[in-house]
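Everything on this sheet refers to the single structure shown next.
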């Protein structure tokens with residue numbers, strides 16, 4: 092019995108989690124429950140030392156206390172929640188709509204750009220997508236946007252923040268793939284902006300050729316002259332400058348990620364004051380919202396670490412790697428296998444669990460891949476693979492029938508919006524996603540040129 096469990100406990104853990112995930116129970120509790128249950132069973136059988144069990148909290152606490160990620164997470168989330176709770180995000184959307192009022196599909200274009208500017212709030216898929224659904228979807232439907240198109244705009248804009256700096260997913264990926272945050276940020280700039288540009292061109296073309304959309308180009312109000320300039324500076328330029336300061340201080344090496352995030356948090360408070368939306372009640376809402384999302388992130392990471400400790404103790408990570416090696420694939424085959432696995436996992440669990448659990452398992456495999464000639468250097472290879480990871484995860488959250496973002500849109504949308512409408516609208520978005528992934532896969536310079544230019548990676552490492 093003991094020998095059987097020693098050899099098969101990792102497989103049993105994966106099977107138990109795979110079955111329980113369809114119960115609808117929160118993933119964090121499932122991960123933690125499977126991890127604790129496995130550990131207790133192993134202790135009873137006598138194959139898990141008691142001192143190792145009591146060492147689990149110490150190891151987890153050590154991981155939290157030594158990591159720079161979590162202070163940065165809390166303050167970036169504060170920045171994003173402040174922009175949303177204070178109404179600044181709504182003002183940015185209105186401002187962009189005014190600026191693009193002569194463009195077909197101006198509201199769709201504005202929502203897409205807002206997804207870029209609200210990257211700090213994209214800590215969890217549901218937060219950013221839910222915010223855009225509440226802010227933009229009713230307005231788009233009122234302006235005669237077809238429901239499938241309107242929901243696809245929200246899905247695209249709501250997930251863009253995941254792959255654009257200073258998105259939290261990029262910070263986690265950088266930490267677990269042993270690249271700097273600055274390198275990770277710069278690597279996703281060109282692919283991310285390319286995706287934004289393709290989205291915008293698609294929405295403009297779609298709205299230009301659809302006769303039903305002709306009345307949706309103009310906003311109700313018109314501001315011009317100095318009033319428009321002042322409005323743009325207050326509603327759009329200052330938030331963009333704040334986000335630029337956070338990114339610039341990290342990329343330029345002027346501050347660590349927590350320090351830069353602190354600048355963003357303080358700056359968001361100043362924006363609330365300048366916008367006339369600051370109050371003690373609203374500040375309380377911002378702090379409460381930040382604490383709720385931060386606690387959710389910490390709980391998921393905690394549960395993932397509880398799950399991964401017995402999984403690795405019984406060599407589950409080696410088991411997975413040996414299975415992939417046994418397939419006999421070359422470097423490209425291994426890379427595609429890992430990316431497809433991450434894509435499928437994105438149907439069922441959020442990016443935090445995927446980052447904390449799967450990347451440590453796959454990282455030794457990825458390091459062994461030889462793409463130096465293809466990409467330029469071993470470090471640039473990791474940067475390129477990390478960018479592919481980010482794009483793949485974003486795509487999985489948009490893919491029917493299990494895409495997280497699609498269910499969050501449905502839960503926050505008006506009751507007449509059907510899930511089938513959301514599915515119909517997202518397919519063109521998925522095609523554009525796949526196009527960008529293929530471009531980055533076969534043109535790695537899209538992800539590596541900018542970080543190499545700034546940090547001279549190929550010469551230094």
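Residue numbers (the numbering used here): 92 to 552.
Even glycine gets a Cβ: it sits at the ideal position worked out from N, Cα and C.
**Item:** Integer-rounded CB distance, given that residue 349 should sit under 8 angstroms from residue 163
**Value:** As a working note, residue 163 is residue 72 in the chain shown. As a working note, residue 349 is residue 258 in the chain shown. Sure, about 5 angstroms apart at Cβ, within 8 angstroms.
**Request:** Would you mind sorting residue 109 into buried or exposed? The rule is 16 or more other CB atoms within 10 Å of its CB.
**Result:** Position 18 of the chain shown, counted from the start, is the residue given in the question as residue 109. By the 10 Å Cβ count, residue 109 comes out exposed.
**Request:** Give the C-beta separation of residue 355 and residue 333 to the nearest angstrom, bearing in mind that I take them to be a contact with Cβ-Cβ under 8 angstroms.
**Result:** The sequence position of residue 355 within the chain shown is 264, counting from 1. The sequence position of residue 333 within the chain shown is 242, counting from 1. The Cβ separation is near 6 angstroms, so the contact holds.
**Message:** Which same chain residues end up closer than 8 angstroms to residue 306 when comparing Cβ atoms and leaving out the 5 residues on each side of it in sequence?
**Reply:** Here residue 306 corresponds to residue number 215 of the chain shown, with the count starting at 1. With a pLDDT of only 49 at residue 306, under 50, the local geometry of the prediction cannot be trusted, and no value is derived from it.
**Asked** How about residue 484 and residue 517: are their beta carbons less than 8 angstroms apart?
**Response** Here residue 484 refers to the residue found at position 393 when the chain shown is read from its first residue. Here residue 517 refers to the residue found at position 426 when the chain shown is read from its first residue. No; because the gap between Cβ atoms is not below 8 angstroms, this pair is not in contact.
**Message:** I'd like to know whether the C-beta atoms of residue 184 and residue 205 end up nearer to each other than 8 angstroms.
**Reply:** Position 93 of the chain shown, counting from 1, holds the residue named residue 184. Position 114 of the chain shown, counting from 1, holds the residue named residue 205. Cβ distance < 8 angstroms, so residue 184 and residue 205 count as in contact.
**Item:** Spatial distance of residue 243 from residue 180 (CA atoms)
**Value:** One-based indexing of the chain shown puts residue 243 at position 152. One-based indexing of the chain shown puts residue 180 at position 89. Looking at the two C-alpha atoms, the distance is approximately 19 angstroms.
**Asked** Near residue 448, what residues of its chain come up, given a Cβ to Cβ distance below 7 angstroms and the 5 sequence neighbours on each side ignored?
**Response** Your numbering for residue 448 matches position 357 in the chain shown. Closer than 7 angstroms at the Cβ level, and outside the excluded window around residue 448, lie 395, 398, 399.
**Item:** Segment limits, alpha helix (DSSP H) that includes residue 508
**Value:** Here residue 508 is taken as the residue at index 417 of the chain shown, counted from 1. Run containing residue 508: none; DSSP gives neither H nor E here.
**Request:** Under 6 angstroms Cβ to Cβ from residue 554, same chain only, skipping five residues before and after it: list those, please.
**Result:** Limits of the chain in this structure are 92 at one end and 552 at the other, which puts residue 554 out of reach.
**Request:** Run the CB neighbour count on residue 221, radius 10 Å, all protein chains shown included, and call it buried at 16 or more, exposed below.
**Result:** For this step, residue 221 is matched to residue 130 along the chain shown. Buried.
**Item:** Collapsed DSSP secondary structure at residue 306 in the structure displayed
**Value:** Your numbering for residue 306 matches position 215 in the chain shown. Annotation note: pLDDT 49 at residue 306 (below 50); position unreliable, no value reported.
**Request:** Using alpha carbons as the reference points, say which of 507, 490, 102 lies closest to residue 521.
**Result:** Along the chain shown, one-based indexing puts residue 521 at 430. Ranking 507, 490, 102 by Cα distance to residue 521 puts 490 first.
**Prompt:** Is the segment 408-419 close to the segment 440-457, with three or more CB pairs under 8 angstroms?
**Reply:** yes
**Request:** Locate the alpha helix (DSSP H) running through residue 112, then write down its first and last residues.
**Result:** Working through the chain shown from its first residue, we reach residue 112 at position 21. Where residue 112 is concerned, there is no enclosing alpha helix (DSSP H), given that its DSSP letter is neither H nor E.
**Prompt:** Between the beta-carbon of residue 542 and the beta-carbon of residue 274, is there less than 8 angstroms?
**Reply:** By 1-based counting over the chain shown, the position of residue 542 is 451. By 1-based counting over the chain shown, the position of residue 274 is 183. Cβ atoms of residue 542 and residue 274: closer than 8 angstroms.
**Asked** With a CB to CB cut of under 7 angstroms and the five nearest residues on each side skipped, what residues in its chain are close to residue 466?
**Response** Locating residue 466 in the chain shown gives position 375, where the first residue counts as 1. Excluding positions up to five away in sequence, the list reads 472, 475, 535, 539.
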